[in-house]
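Residue numbers (our numbering): 1410 to 1670.
Ideal Cβ placement from N, Cα and C applies to all residues, glycine included.
Note that the structure is predicted; figures quoted are calculated from it, not measured.
The structure appears below as structure tokens.
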Amino acid sequence: METKKIKLQIKNRWTRSVLFEYEKEDNTIAKTLKQAVASFAPLRGADLSGAALRGADLRDTDLSDTDLRGADLRGADLRDTDLSDTALRGAELRGADLRDTDLRGADLRDTDLRGAELRGADLRDTDLRGADLSGAALRDTALRGAELRGAELEPIKNDMFIVLLHSVPEIAALKKAILNGKIDGSTYSGECCCLSGTVCKNAPTVLDEQRALRVRRASRPIERFFLGIKPGDTPDTNQFAKLASEWIEEFEQLLNTNTKH
């Protein structure tokens, strides 16, 4: 019995005009999109809402102004892709590679970005309210004008509190380093170094340093968060530094309250 071929179309989200169509046996939207990319079809403004694109290779593709709301892009390769002004609300981007991706003006509300690789991505003027950034790598990420306040950062903050519980004597030095732009989330040593590195180098004794080292782990959510802070970044110029500073203050308030009781 002959297997029936399936024809799928990718349409413009605004005009509904057909941007690309593809027909083959056992066709899927992922296969159609792969063929569209290989054929250099114009995909700007495409309607890909709800598409199952897990693990898709979409490197260096112009997907600006597309509708990807609710799409499954877990583990997708989106390096150097243009996703500016794209609707991604509720999309699954866990573990996706978004290095050097243009996400300016994108709607990333309620997206799952856990463990996503965002180094060098341009997130200026994006809406990240409700997004889960736990474990995302954020070094050299441009966030000017981004709405980060409502992002799901509680797991990252809680992880920082765990580190601070093991580093109480070094908190003052850590605060000072953040305020003075002396953090470099990419290295454990030097004048500017990461969270763990800053804590350890300010430990008053070898025993204190050993205590701090017990919670050192590069994969910690808070260490990955600190990748978003580089030398010269302060709470006035960098959202990651600002949030880290605020979390330290919150931790100190909790510590003082518990001490009094």
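Inset, instruction - Rank Asp1466, Lys1443, Asn1647 and Ala1465 by C-alpha distance to the C-alpha of Leu1557 and give the top, closest one. - result: Asn1647
Inset, instruction - Report back the beta-carbon spacing between Asp1362 and Ile1631 to the nearest angstrom; my notes put them in contact at under 8 Å. - result: Any question about residue 1362 goes unanswered here, given that the chain covers just 1410 to 1670.
Inset, instruction - Report all residues from its chain with a CB closer than 8 Å to the CB of Thr1475; omit the five preceding and five following residues, and keep chain order. - result: Arg1422, Leu1452, Arg1453, Gly1454, Ala1455, Asp1456, Leu1457, Leu1492, Thr1495 and Ala1496
Inset, instruction - Measure how close the beta-carbons of Ala1439 and Leu1462 come, nearest whole angstrom, since I'm counting them as under 8 Å. - result: Your pair Ala1439 and Leu1462 checks out as a contact, with CB atoms roughly 5 Å apart and the cut at 8 Å.
Legend entry - Three-state secondary structure (DSSP) of Leu1663: In the structure shown, Leu1663 sits in a helix (DSSP, three-state: H, G or I).
Inset, instruction - Mind reading off the beta-carbon distance from Gly1594 to Ile1638? Whole number of angstroms is fine, and I expect it under 8 Å. - result: 5 Å
Legend entry - Straight-line Cα distance separating Ala1612 from Lys1443: 53 Å
Inset, instruction - Would you kindly work out how many angstroms separate the C-alpha atoms of Leu1562 and Gly1504, rounded to a whole number? - result: 17 Å
Legend entry - Spatial neighbours of Ser1576 in its chain, beta-carbon cut-off 6 Å, leaving aside the 5 residues before and after: Only Val1608 and Ala1621 meet the Cβ criterion.
Inset, instruction - Confirm, please, whether the CB-CB distance from Ala1460 to Asp1481 is below 9 Å. - result: It is a contact, given that the beta carbons lie within the stated cut-off.
Legend entry - Rounded C-alpha distance that separates Phe1449 from Trp1656: One Cα belongs to Phe1449, the other to Trp1656, and the distance between them is close to 46 Å.
Inset, instruction - Rounded to whole angstroms, what's the CA-CA distance from Glu1600 to Leu1573? Just pull it up for me. - result: 21 Å
Legend entry - Straight-line Cα distance separating Asp1534 from Lys1433: 40 Å
Legend entry - Given Gly1514 as reference, the closest of Leu1532, Ala1500, Leu1428 and Asn1589 once Cα atoms are compared: Ranking the options by Cα distance to Gly1514, first place goes to Leu1532.
Inset, instruction - Kindly say whether Thr1666, judged by its beta-carbon, lies nearer than 9 Å to any beta-carbon of chain B. - result: Of the protein chains in this structure there is only one, and it is not chain B.
Legend entry - Cut-off 7 Å between Cβ atoms - residues of its own chain near Leu1512, not counting five sequence neighbours on either side: Within the same chain, Leu1512 has close Cβ partners Leu1492, Ser1493, Ala1530, Asp1531, Leu1532 and Thr1535.
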